[in-house]
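Here's the structure, in structure tokens; my notes come after.
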Amino acid sequence: MIWMIVLPFVGSAIAALLPTNARNAEAWLAGVVTLVTLILASASYPAVAAGDAIRSNIEWIPSLGLNLSLRMDGFAWLFATMISGIGFLVVLYARYYMSPEDPVPRFFSFFLAFMGAMLGVVLSGNLILLVVFWELTSVFSFLLIGYWHHNANARDGARMALTITGIGGLGLLAGVLLIGHIVGSYDLDRVLASGDLIRSHDLYVPAIVLILLGTLTKSAQFPFHFWLPNAMAAPTPVSAYLHSATMVKAGVFLMARLWPVLSGSTEWFWILGFCGMMSLALGAYFAIFQQDIKGLLAYSTISHLGLITLLLSLGSPLGAVAAIFHMVNHATFKASLFMAAGIIDHECGTRDIRRLSGLFRFMPITATLAMVASAAMAGVPLLNGFLSKEMFFAEAIETHAISVLDTAAPYVAVLASAFAVTYSIRFIHGVFFGPLPTDVPSVAPHEPPFLMRFPILLLVVACLLVGTIPALTIGPFLHTAVTSVLGARTPEYSLAIWHGFNLPLLMSIVALIAGVILYLLLKDYLSRCEEGPPFFRRLKGQRIFERFMVTVSWRWARFVDYRLGARRLQPQLRLLVTVAFVAALWPLYSRGFTPGRFTLTGADPVFAGVWVLGIVCALGAAYQAKFHRLAALILLSGAGLVTCITFVWLSAPDLAVTQLLVEIVTTVLILLGLRWLPKRVQDGPTIASAVPGARLRRFRDLAIAVSVGVGVTLIAYAVMTRTPPPTIADYFLEKAYSEGGGRNVVNVILVDFRAFDTFGEITVLAIVALTVFALLRRFRPAPDSVDSPEQQRIQTAFDEAQPDRETGETIIDYLMIPAVIMQWLFPVIIMFAAYLFFRGHDLPGGGFAAGIAMAAAFILQYMAAGTRWVEDRLRVLPVRWIGLGLLLAAFTGAGSWLFGYPFLTSHSRYVDLPLIGDMPLASAIFFDLGVFSLVVGATVLMLIALAHQSIRRHRVARTIAAADEETA
Amino acid sequence: MEAVLAILVGLFFAGGIYLMLSRHIIRILLGVVLFGNAVNLLIFTNGRVMRGVPPIIAEGLDVPAGAVANPLPQALILTAIVISFSFFAFLLVLAYRAYQQIGTDDTDGMRVAEPVADGLPPMGY
């Protein structure tokens, strides 16, 4: 059974890979796939007919109650057969319909995928799985309707269909979740067995409203019907398949599927009864006034599905039988009519009934077939449509629940049937009879190839056979289907053509006669009127939908953008900070927050002194940042150092080491970067006061900053003065040595317990370094910052003025002693880095600190000897270090798989190394080595990228000088 | 002791936010650095502060003897320090590139994607 679903998807994937011009290959492929599916479906009939549902279960996410469980009972079988059978016929038809100019493989690919999804819907044994396939049908129907995507109508229609059915799908998902909540399982068998539980539950009404939202949108029922006529922009095979036999049937399928569980309540009756009746009557009424053949058929589909919905609303088993029967009948005659409409369109180039006429002379066989199918649609005796319509009439006159709807049902039924007769005659008479067509693009329409007509023939024969000898043809299959849905409630029903002179027959006769009379009356009007029914012509669902979409997706979005959006960074940031502040304040305020008594006593004077220093540094940095960047930078480093000292004092040596090293590298980076960023000089009093409003803005910023600061102070104080609850930290402290094999708990957390986080983090670092490198690669500084700094200019001028000095000698002289020291420090720092690294697992240190220390060694070389000297000698390839580090970390993590442990499980033991002695060696140390290597690589790469700019500067300066000379 | 530390954290926050609300990228950059420190310290205070008891298990023991500092915020901050460093480096280079390309470090002047002349989007349809 799983193959019935997998096969179409596989076929779809293959079809998608076929070349665009392979016209027959994909048709063969699709034909074979559909035929095999059909055979598979047919072959499973004996098992299904035996009464039990066939099941197949693949565990997927059992913890969520989500299994790939399939279930085929009689009803699902009926649908599966219909889907694959009509699918095969439509493939055959499409082979001739699709023009070689179109990308046909794409069509068949979508088509097969859609078929797979549809089979998935009917065969799902799990409601969540059903919803997944349901959504897939929406998506593929979108792709199929929009197949001719160069056509604006197709795009609009596809979008509308997707929007409506997609919203419905969301509703269905929510409804299914509610059902799952009520029943405690998504398994279809369990749900079907819990009807009473669901009906008596408080959440019953929300659940059915949501589920019906899904089914009614899918089945294009009032008030969501309008997408279907717009979906007629699809290629006709798509309409014949999706809009007669499958997609729109999914809605009524699900309603029938869940009928035993959900039906029987007043809410169910009212919602479905109303929607069904409106769709039945309005659909039929609108269909009369359509000028497009496919439009007429689309509205007729709405009407017929309304009939099915109405039958399902009644809550009587006989109604359900009639509904299931009509689903099959409608699929057969409507698919054939769509195909006939496609042939007419194909041959004549138009589908406008006003322009078409007298086609009988050109295509008598097609015309005859279409006539039989239309008669079935109108409910003429001896055809299948008549039988289910009779059953419908019989149900309509029964009283189910005393209400206006119930009283109106028979009258509406007769009226809609009369309309059905009218539009059926209109279709046949308008298209095939009358004078020869004069206003048709194609002058010589003719019969299509036999194989294109064959599907219609087959379906029409089915209509006839079912209509004349129902008990011998559809009887047993229908019975299996009905029994599987209704179970013990299966009523006695008879499929005979003749039930004697009774009220339903009378109603049929009245409807037939009234329909003919109505057509005769309306004939002249119809042949010249514009599209759309009178009175309702202006009230188009499509317009309402478009208005709605425009309002939501354009006006509201624009409004929000207009009101809340800003084109500048500052207002956005300000908004962000303010919102964050209020969001933090609100819970504190509503919960009655008291920060506790604020005492300054008990503060160690040295502590307090350092922190006051930090405060001064932060304030100074903020104050100086405008014009004195270097000063601000130094003050900022001061603030960083205070943070660092805080960490030392408050028992965080690891943080202190890392912070100190990072602080160094950051400062160097800013210094390197500042060089290339524009200067701002203080001219006049201040710029801020010169611009009105600027000062005000700064005050506002200050106010926001101060409020946030005060808030954070209070929170921090309140947190610090409360006793901590037991946290996960205790676990780490307990297990760090026994399981992590390290004494430095922070390091063990990083490389062992939370190693996956660290892995993600170093990946981020690697990405940043590569991005920095990529941003600065082949990039030259802007001309206005290529001028050498003043000091350098003076030095160079001095060197050039002295004949015995070479350019750059002064700077070398100045830095002679520091340079020697710094160069000598290189191995020392590397040793220090190694030391930090190896002690990391037991004592403060570790890969991060070691990596940055190592990078600092390179920085010193740059400072001592200049960029060019270092670049000439640098043998480190930072990108390799990064890659190596990342791979090492990943492989260390993956290594634990070999021993059957989860990713990044660590192993530790002591090893006796020569010279060093007994050394703890956890496998985490390799991970840490990866971290180390990556940090070195990333930091050095960023440094090189920034420092290299100074070499490029000389080139830029030279080109500018050359340009100046040329102009001079 | 807690009070002064809390004030320090609050002031780091205030200074960082004040600088970040500026129009000039360099000030924003400096603000980001200060803000990073502020956030790290705030996380640090969440683990409660203790003097002289680093979360290191002494030689010969399997679990730390007595109360030690909370290692969890420390591990988080260690990650945060490195991440904020890389974030900062990225911002710096981005600012640099933006300055080269656009010729200004004033965020109001960076109008390549949305030129000033464009105005706000129309409300009609």
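Those sequence lines, one after another, are chains E and L.
Residue 2 is where the first sequence starts when you use our numbering, and the numbers rise one by one after that.
Residue 206 is where the second sequence starts when you use our numbering, and the numbers rise one by one after that.
Glycine is no exception: its CB is placed at the ideal position from the N, C-alpha and C atoms.
Whether residue i touches residue j by CB criterion (8 Å)
| i | j | result |
| --- | --- | --- |
| E:Ser1 | E:Val210 | Missing from the structure shown is residue 1 of chain E; chain E here goes from 2 to 969 and no further. |
| E:Cys464 | E:Val373 | yes |
| E:Phe839 | E:Phe933 | no |
| E:Val746 | E:Phe733 | yes |
| L:Ala294 | E:Val91 | no |
| E:Ala232 | E:Ala162 | yes |
| E:Leu826 | E:Leu878 | no |
| E:Ser110 | E:Ala17 | yes |
| E:Pro236 | E:Phe143 | no |
| E:Asp843 | E:Arg744 | yes |
| E:Ala854 | E:Ile830 | yes |
| E:Gln796 | E:Ile812 | yes |
Simplified DSSP state of residue i, which is helix, strand or coil
| i | result |
| --- | --- |
| E:Ile688 | For E:Ile688, the predicted model reports a pLDDT of 49, less than 50, meaning its position is unreliable and no value from the coordinates is stated. |
| E:Ala16 | helix |
| L:Tyr301 | helix |
| E:Ala964 | helix |
| E:Glu102 | coil |
| E:Asn127 | strand |
| E:Trp677 | coil |
| L:Ile212 | helix |
| E:Asn154 | helix |
| E:Ile716 | helix |
| E:Trp612 | helix |
| E:Asp605 | coil |
| E:Glu493 | coil |
| E:Thr400 | coil |
Beta-carbon neighbours of residue i, restricted to chain L and to distances below 9 Å
| i | result |
| --- | --- |
| E:Ala706 | Phe218, Ala219, Gly220, Gly221, Ile222, Tyr223, Leu224, Met225 and Leu226 |
| E:Phe112 | Neighbours of E:Phe112 on chain L: none; closest Cβ ~36 Å, over 9 Å. |
| E:Met864 | Correct list: empty, because the minimum Cβ distance to chain L is about 18 Å. |
beta-carbon residue i near the ligand HEM non-hydrogen atom, thresh 7 Å
| i | result |
| --- | --- |
| E:Thr400 | In terms of ligand content, the structure shown is empty, and the ligand HEM therefore cannot be addressed. |
Interface partners of residue i on chain L, CB under 8 Å
| i | result |
| --- | --- |
| E:Leu844 | Ile261 |
| E:Thr759 | Thr284 |
| E:Ala81 | Those within 8 Å of E:Ala81 in chain L number zero; the least Cβ separation is about 46 Å. |
| E:Pro471 | Those do not exist, as E:Pro471 stays about 54 Å from chain L at its closest Cβ, beyond 8 Å. |
| E:Ile616 | Ile212, Leu213 and Leu216 |
| E:Thr659 | Leu283, Ile286 and Val287 |
8 Å Cβ cut-off: residues of chain A touching residue i
| i | result |
| --- | --- |
| E:Phe227 | Given the protein chain composition of this structure (E and L), no chain A is represented. |
Closer than 7 Å at the beta carbon, the chain E residues around residue i
| i | result |
| --- | --- |
| L:Val258 | Ser652 |
| L:Val238 | Leu637 and Thr667 |
| L:Val317 | None at all; the shortest Cβ gap to chain E is about 12 Å. |
Residues that residue i bridges to, as DSSP identifies them
| i | result |
| --- | --- |
| L:His229 | L:Asp311 |
| E:Met248 | DSSP output for E:Met248 lists no bridge partner at all. |
| E:Arg72 | E:Arg56 |
| E:Asn745 | L:Ile261 |
| E:Asp353 | E:Asp293 |
| E:Asp188 | E:Asn127 |
Listed by chain order, chain E residues near residue i by CB distance under 8 Å
| i | result |
| --- | --- |
| L:Phe249 | Thr647, Phe648, Leu651, Ala653 and Leu656 |
Listed by chain order, chain E residues near residue i by CB distance under 9 Å
| i | result |
| --- | --- |
| L:Ile307 | Under the 9 Å cutoff, chain E gives no residues; its nearest Cβ is about 10 Å from L:Ile307. |
| L:Val268 | Leu734, Glu735, Lys736, Ala737, Tyr738 and Ser739 |
Under 7 Å from the C-beta of residue i: neighbouring residues of chain L
| i | result |
| --- | --- |
| E:Arg744 | Ile261 and Ile262 |
| E:Val630 | Note on residue identity: the sequence assigns Arg, not Val, to residue 630 of chain E. Residues of chain L passing the Cβ test: Ile231. |
Stretch-stretch touch, CB-based, cutoff 8 Å, three pairs: the segment 283-297 of chain E with the segment 467-476 of chain E: These segments do not touch.
Can you confirm whether the segment 332-340 of chain E touches the segment 279-290 of chain E when touching is taken to mean that 3 or more C-beta pairs between the two stretches lie within less than 8 Å? With the cut-off at 8 Å, the segment 279-290 of chain E and the segment 332-340 of chain E do not touch.
Inter-stretch contact at 8 Å, needing at least 3 Cβ pairs: the segment 305-313 of chain E / the segment 351-365 of chain E: no
I'd like to know if the segment 700-720 of chain E and the segment 214-227 of chain L are in contact, where contact means that at least 3 CB-CB pairs between them fall below 8 Å. yes
Would you check if the segment 263-274 of chain L and the segment 657-672 of chain E touch, i.e. whether three or more CB-CB distances between them fall below 8 Å? no
Meets three-Cβ-pair contact criterion under 8 Å: the segment 646-662 of chain E and the segment 617-629 of chain E: No: fewer than three Cβ pairs fall under 8 Å.
With contact counted as at least three CB pairs below 8 Å, one residue from each stretch, are the segment 497-514 of chain E and the segment 385-402 of chain E in contact? yes
Contact between the segment 218-232 of chain L and the segment 300-320 of chain L (3+ Cβ pairs under 8 Å): yes
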